[in-house]
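Residue numbers (this note's numbering), protein chains in the order written: chain A, 784 to 888; chain B, 4 to 201.
First the structure, in the form of structure tokens, and then the observations on it.
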């Protein structure tokens, strides 16, 4: 009988662990050669995205559809971070042909 | 008559033939540095004229980006030539760029309103196409110094992005002009119909 209780307890713990949300991760998007690299990022809600500007020019990241979020100008060598909450297309509002996507899985 | 035609043709041919070796000749690193600085400075000057003459938000924003970006490239080139101990040297290509730019600036200063915006953005499209070609086909292959070559290679995506941006503004401006023309025509048509009624 005690061994059966342990089995239940063990199974319950496994189940609880399985239901736990994965710990938020940090993803880096490099801004290099006038491109967001990677241009499409697959991530989970709550993960953090860090944009690092490796170009010699300032860039910016702005949510495309409703401009719900926007970074200040990111200088050469600078970075900016955002906790991703939902799918978003974004672009650089200094160089509007530069585009990227955050895709929540 | 025939003689003078032959003479004119000969002079024209001689002029073209004389100009080709000067431009087609392999450029030295000091000459490449000069072309790079001049080409960037020309677009900063174009942007300055746009800021003086345009009221269009898109055009002004584009001009500001050109001024900031080309200044950043010049700063990088200046720092590199200083480090390498190279003095930029005028040459046929940089002189031609300057002469063409002087003519363009003169033309731009004669225009206002939509005509200016169109002339400015059309020139930005063709200018960036020409600069990309020069960097790809002449400056990068001719550059001897590794760091100078790398700088030119890193500037290329900037110029290509500028070209795409200029084409985007050109397209928007064109559709804006078409819409305004259509609205004007519709208004005139309505007024004509009103006149006919009375």
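We put the CB at the ideal spot given by N, CA and C, even for glycine.
Among the residues of the stretch 829 to 840 of chain A, those with a Cβ less than 7 Å away from any Cβ of chain B are 839 and 840, in the order of the chain. A direct Cα-Cα distance of roughly 20 Å separates residue 837 (chain A) from residue 168 (chain B). Of the candidates B:81, B:196 and B:115, B:115 places its Cα closest to the Cα of residue 59 (chain B). Ranking A:862, A:841 and A:848 by CA distance to the CA of residue 75 (chain B) puts A:841 first. Relative to the Cα of residue 867 (chain A), the nearest Cα in the group A:817, A:845, A:816 and A:814 belongs to A:845. Look at the stretch 814 to 830 of chain A: the residues with a C-beta under 7 Å from a C-beta of chain B are 816 and 817. For residue 805 (chain A), the number of other beta carbons within 10 angstroms of its own is below 16, and it is reported as exposed. Rounded to the nearest whole angstrom, the C-alpha separation of residue 165 (chain B) and residue 86 (chain B) is 28 Å. DSSP places residue 173 (chain B) in the helix class (H, G or I) of the three-state scheme.
Beta-carbon to beta-carbon, residue 883 (chain A) and residue 873 (chain A) are separated by about 5 Å, close enough to satisfy the 8 Å threshold.
Annotation for residue 111 (chain B): the continuous alpha helix (DSSP H) segment containing it runs 95 to 111.
Counting only residues of its own chain and dropping the five nearest sequence neighbours on each side, residue 180 (chain B) has a CB closer than 7 Å to the CB of 117. Annotation: residue 198 (chain B) to residue 192 (chain B) spans about 10 Å, alpha carbon to alpha carbon. Taken atom to atom, the span from the alpha-carbon of residue 176 (chain B) to that of residue 128 (chain B) is near 13 Å.
With a contact defined as Cβ atoms closer than 8 Å, residue 161 (chain B) and residue 817 (chain A) qualify at about 6 Å.
Residue burial annotation: residue 809 (chain A) is exposed, with fewer than 16 other C-beta atoms found within 10 angstroms of its C-beta. Residue 885 (chain A) counts as buried, since at least 16 other C-beta atoms from the protein chains shown sit within 10 angstroms of its C-beta. The three-state secondary structure of residue 871 (chain A), taken from DSSP, is strand.
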